[in-house]
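As they're listed, the protein sequences go chains A and B.
When the letters of the first sequence are read in order and numbered with this note's numbering, they come out as residues 122 to 354.
When the letters of the second sequence are read in order and numbered with this note's numbering, they come out as residues 122 to 354.
There are 2 protein chains.
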Amino acid sequence: MSAETEQHLVLAVSTVIFSLRPDPETGELTLWLPLVRRIREPFKNRWALPGGPLDNAHDLAEAANNTMQHTTQVQPRHLEQLYAFGDVDRSPEAPERVVSIVYWALVGQDEDLQVVDAENVEWHPVEEIPGPLAFDHDLIVRYAVDRLRAKVTYSPIAHAFLPEEFSLADLRRVYEAILNRALDPSNFRRQILSQGTVQDTGRRMTGTAHRPPKLYRSAPQSSRYALTIEENP
Amino acid sequence: MSAETEQHLVLAVSTVIFSLRPDPETGELTLWLPLVRRIREPFKNRWALPGGPLDNAHDLAEAANNTMQHTTQVQPRHLEQLYAFGDVDRSPEAPERVVSIVYWALVGQDEDLQVVDAENVEWHPVEEIPGPLAFDHDLIVRYAVDRLRAKVTYSPIAHAFLPEEFSLADLRRVYEAILNRALDPSNFRRQILSQGTVQDTGRRMTGTAHRPPKLYRSAPQSSRYALTIEENP
DNA sequence: CCACTTCAGGTTGACTTGACCACAAGTAGC
DNA sequence: GCTACTTGTGGTCAAGTCAACCTGAAGTGG
Numbered sequence: 122m123s124a125e126t127e128q129h130l131v132l133a134v135s136t137v138i139f140s141l142r143p144d145p146e147t148g149e150l151t152l153w154l155p156l157v158r159r160i161r162e163p164f165k166n167r168w169a170l171p172g173g174p175l176d177n178a179h180d181l182a183e184a185a186n187n188t189m190q191h192t193t194q195v196q197p198r199h200l201e202q203l204y205a206f207g208d209v210d211r212s213p214e215a216p217e218r219v220v221s222i223v224y225w226a227l228v229g230q231d232e233d234l235q236v237v238d239a240e241n242v243e244w245h246p247v248e249e250i251p252g253p254l255a256f257d258h259d260l261i262v263r264y265a266v267d268r269l270r271a272k273v274t275y276s277p278i279a280h281a282f283l284p285e286e287f288s289l290a291d292l293r294r295v296y297e298a299i300l301n302r303a304l305d306p307s308n309f310r311r312q313i314l315s316q317g318t319v320q321d322t323g324r325r326m327t328g329t330a331h332r333p334p335k336l337y338r339s340a341p342q343s344s345r346y347a348l349t350i351e352e353n354p
Numbered sequence: 122m123s124a125e126t127e128q129h130l131v132l133a134v135s136t137v138i139f140s141l142r143p144d145p146e147t148g149e150l151t152l153w154l155p156l157v158r159r160i161r162e163p164f165k166n167r168w169a170l171p172g173g174p175l176d177n178a179h180d181l182a183e184a185a186n187n188t189m190q191h192t193t194q195v196q197p198r199h200l201e202q203l204y205a206f207g208d209v210d211r212s213p214e215a216p217e218r219v220v221s222i223v224y225w226a227l228v229g230q231d232e233d234l235q236v237v238d239a240e241n242v243e244w245h246p247v248e249e250i251p252g253p254l255a256f257d258h259d260l261i262v263r264y265a266v267d268r269l270r271a272k273v274t275y276s277p278i279a280h281a282f283l284p285e286e287f288s289l290a291d292l293r294r295v296y297e298a299i300l301n302r303a304l305d306p307s308n309f310r311r312q313i314l315s316q317g318t319v320q321d322t323g324r325r326m327t328g329t330a331h332r333p334p335k336l337y338r339s340a341p342q343s344s345r346y347a348l349t350i351e352e353n354p
């Protein structure tokens, strides 16, 4: 009994990696994520979240970080545990039971351009996921997007998408891409400045076809926890 | 390599079970939770969260539910995943690596009175944990309390501590016990009634030494997710 | 019948938020 | 060089939210 239990249970770590890219048609900034085409059963040839079995030598977050390296070859600007999925019947056709601990991550807006898309890895807009995905990964993606949208409203994680210096309009476009709705520039400015998460660099952007915006940088943040632990809706 | 990895990794499910009990000295309502005294190494004789290895036949939430049965012999009014803890060094003295998926639960204010305290199970106020606990359970308890306090402010889970019918003062005392601070009765009433999570039964409490309060019941809630999935601070 | 306690409901002022307006400061086209 | 255009910057105003506080309602106990 005990032997059978241990034998047929696999612990895996998967990661939902978010990046911002311009929509190829409209040119507007939208959320994208990388998917991996499975080359083995179960769910052979279906798209799945990047990840793999947990190596005994690594912490959970380290395993997620390694997945990021293999998939995007860049360091995440933000990495956070999402949820552990472990229902008995979540992979009915798999030979063993898989419990997945899922992380989600943000990579910088410019960094992912240098990514050499490895074989079987493809980026997709979150609104156009080529489903159904393997396992319960559709549910996981939907939940990760919900978490990201919720978190952006009470935490300065959106900065992670931007380079060192940025204008408030840049930041606003990130928020608009994540929340998928337009924000009033004036109100957005007031809100961001009041919460003290950005610092004025004193410099302005140059070469714009209009009034040059001030440049800001992220203020150093005080984290309450040593771990990055987060909450559910 | 692979064999060693599988062999030395154990997946466990633990549960932080909250109940409200009067403080034995002041008589005020406070948060309590059950701890189990370990009878084996590692951390022998130290207090730990109830739980155990994951049985291959059960979902994660089912495993947490079973832990509740063994520990408190009552059904939880609320059960929700907290976090997965899996650092390599979280149990340095243990022979194998343990990854714990931790749930937290609420049991009704009256129900836990009928609990037959099993051997090695003892309830403790969350502010007087007999630490240090086994493994990283001190950290887990602290995080679970934080999650509960955060969640009570935007979700009607506090109702879970109360019987079918209750007065707004009852509900307010639950909030005060969880948040550990006094709330203005008048503002609390307005806030609760405006969010529509309670229904007026039309009846009033009797036998009080003052104006009899109206009795309310919880309104049926609409959950966004089939699973109970939650968010982190 | 009066004192006391708690419930119930209303008022007020500080603060937040969204909608909107006006000006600032650059480029592009003529 | 002038004007149109675009986008950043800053302010106003009204609606809504929230904490502090006040007053009366309705019961029990002396």
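For every residue, glycine included, the Cβ atom is placed at its ideal position computed from N, Cα and C.
All values reported here derive from a predicted model rather than from experimental measurement.
Interface residues of chain B facing residue i [CB-CB closer than 7 Å]
| i | result |
| --- | --- |
| Tyr337 of chain A | Those within 7 Å of Tyr337 of chain A in chain B number zero; the least Cβ separation is about 25 Å. |
| Leu132 of chain A | Leu130, Leu132, Val220 |
| Ala205 of chain A | Leu181, Gln202, Ala205, Ile222 |
Residue i, buried or exposed, once every other Cβ within 10 Å from all chains shown has been counted against 16
| i | result |
| --- | --- |
| Gly172 of chain B | buried |
| Ala118 of chain B | What is shown of chain B runs 122 to 354, which leaves residue 118 of chain B out entirely. |
| Lys165 of chain A | exposed |
| Ile350 of chain A | Residue confidence for Ile350 of chain A is low, a pLDDT of 44 falling below 50, so the modelled location carries little weight; the figure read from the coordinates is stated next. So Ile350 of chain A counts as buried. |
| Glu180 of chain A | It is worth fixing the name first, because residue 180 of chain A is Asp in this sequence and not Glu. Per the 10 Å Cβ criterion, buried. |
| Thr193 of chain B | buried |
| Ala178 of chain A | exposed |
| Ser315 of chain B | exposed |
| His191 of chain B | exposed |
| Tyr204 of chain A | buried |
| Ser212 of chain B | buried |
| Glu217 of chain B | exposed |
| Gly207 of chain A | buried |
Three-way DSSP call (helix, strand, coil) for residue i in this model
| i | result |
| --- | --- |
| Ile278 of chain B | helix |
| Ile250 of chain B | coil |
| Arg198 of chain A | coil |
| Thr188 of chain A | helix |
| His245 of chain A | strand |
| Thr193 of chain B | helix |
| Lys272 of chain A | helix |
| Val134 of chain B | strand |
| Pro174 of chain A | strand |
| Gln342 of chain A | coil |
| Asp267 of chain B | helix |
| Gln230 of chain A | coil |
| Val295 of chain A | helix |
| Asp321 of chain A | strand |
| Val209 of chain A | coil |
| Pro334 of chain A | coil |
| Ile261 of chain B | helix |
| Ile313 of chain A | helix |
Below-8 Å beta-carbon distance, residue i vs any chain A residue
| i | result |
| --- | --- |
| His179 of chain B | yes |
| Ser135 of chain B | no |
Any C-beta of chain B under 8 Å from that of residue i
| i | result |
| --- | --- |
| Val209 of chain A | yes |
| Gln342 of chain A | no |
| Ile313 of chain A | no |
| Glu352 of chain A | Residue placement at Glu352 of chain A cannot be trusted, given a pLDDT of 48 that sits under 50; what the coordinates show is reported in the next sentence. Yes, because at least one Cβ of chain B sits closer than 8 Å to the Cβ of Glu352 of chain A. |
Exercise. Using a Cβ cut-off of 7 Å, which residues of the region 285-306 of chain B contact any Cβ in chain A, in chain order?
Worked result: none
For this session: Mind checking the region 145-158 of chain A against chain B and listing, in chain order, the residues whose C-beta falls within less than 8 Å of any C-beta there?
Result: none
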